[in-house]
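Data first, discussion second: the structure below is written as structure tokens.
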Amino acid sequence: MRHLAVLLTTVFLAALATVGVSAVEPQKVDAATAVRTCGGGTINLVDAERRMLTLHNQKRAKRDLPRFCVHPALGRAARAHSKDMIPRDYFSHNTKGRNEDACERVRRYGYNWQFCAENIAWGSGALGRPDPIFDGWMNSSDHRSNILTRKYREIGIGAYRGTFQRNSDVTMWTVDFGDR
Numbered sequence: 324m325r326h327l328a329v330l331l332t333t334v335f336l337a338a339l340a341t342v343g344v345s346a347v348e349p350q351k352v353d354a355a356t357a358v359r360t361c362g363g364g365t366i367n368l369v370d371a372e373r374r375m376l377t378l379h380n381q382k383r384a385k386r387d388l389p390r391f392c393v394h395p396a397l398g399r400a401a402r403a404h405s406k407d408m409i410p411r412d413y414f415s416h417n418t419k420g421r422n423e424d425a426c427e428r429v430r431r432y433g434y435n436w437q438f439c440a441e442n443i444a445w446g447s448g449a450l451g452r453p454d455p456i457f458d459g460w461m462n463s464s465d466h467r468s469n470i471l472t473r474k475y476r477e478i479g480i481g482a483y484r485g486t487f488q489r490n491s492d493v494t495m496w497t498v499d500f501g502d503r
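The opening position of the sequence shown corresponds to residue 324 in this note's numbering, with each subsequent residue numbered one higher.
Below you can see the structure in the form of structure tokens.
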């Protein structure tokens, strides 16, 4: 009888472990690629962020402008801002609940800028992918100016996915530009 109880307990625990593993299986995440930073190191960008960097640099190359390099502090600020806007359900260059604009935020993340600017956007599903977001920025004179001005040489890109204003599968984008 005792042998049967141990056997049943073992089967039960094995079943729980199997159910537990499948119930908490991690969600699929985008692959990451290492790109060079402004200081010569590397930083990992998820595929969508890397694509956004490529779009910026392709457009700049067509205008004989220097390519953007990725600055880790700008990247941290951009990612944090995108991640903050989704769950707190706001869309603004100003951090919700703080007396802080985009340039004050990037300074808080350790980027001591001489020039600073920010582009933000969001889209749901396919409209949240890098190409349509970038096209929207290029069709806006203020956003296009941030992308194509010579005074910005460094960039940070942040994309974050979630539910925003009752829209599912939203990608929130923040691109911070600067020069020190």
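From the three backbone atoms N, C-alpha and C, an ideal C-beta is built for every residue, glycine too.
Since we're looking at a predicted model, the values are computed, not measured.
Report the residue ranges of all alpha helix (DSSP H) runs contained in full by the stretch 352-428; include only those spanning at least 4 residues, in chain order.
You should have 370-385, 395-408.
Here's a check: name, in chain order, each residue in its chain whose Cβ is nearer than 6 Å to the Cβ of V369, leaving out the five neighbours to either side.
D353, A355
Is DSSP giving Q350 helix, strand or coil here?
Since pLDDT at Q350 reaches only 33, below the 50 mark, its modelled position is unreliable, and the value read off the structure follows with that caveat. Q350 falls in the coil class under three-state DSSP.
What did DSSP end up calling S464 once you bin it into helix, strand or coil?
helix
Cα-Cα separation between T486 and I409, rounded to whole angstroms
7 Å
Based on the DSSP secondary-structure assignment, which residues constitute the bridge partners of F487?
N490
Kindly indicate which three-state DSSP category N469 falls into: helix, strand or coil?
N469 falls in the helix class under three-state DSSP.
How would you write the range of the beta strand (DSSP E) that G446 sits in, first residue to last?
Looking at the DSSP string, the run of the beta strand (DSSP E) that includes G446 is 438-447.
Quick check: E427 and A401, are their CB atoms within less than 9 Å of each other?
no
Alpha carbons only, please: which of T365, F414, F500, L397 is nearest the one belonging to S468?
Among T365, F414, F500, L397, the Cα nearest to that of S468 belongs to F500.
G433 - DSSP class collapsed to helix/strand/coil:
coil
At least 3 beta-carbon pairs within less than 8 Å: the stretch 449-458 vs the stretch 375-388
A contact exists between the stretch 449-458 and the stretch 375-388.
Could you check how far apart the C-beta atoms of V493 and M375 are, in whole angstroms? I think they sit under 8 Å.
That belief does not hold up - the Cβ atoms of V493 and M375 are roughly 16 Å apart, past 8 Å.
Please return the same chain residues whose Cβ sits closer than 6 Å to the Cβ of K406, not counting the five positions on each side in sequence.
Y483
Would a C-beta distance cut-off of 9 Å place E477 and V393 closer than the cut-off?
yes
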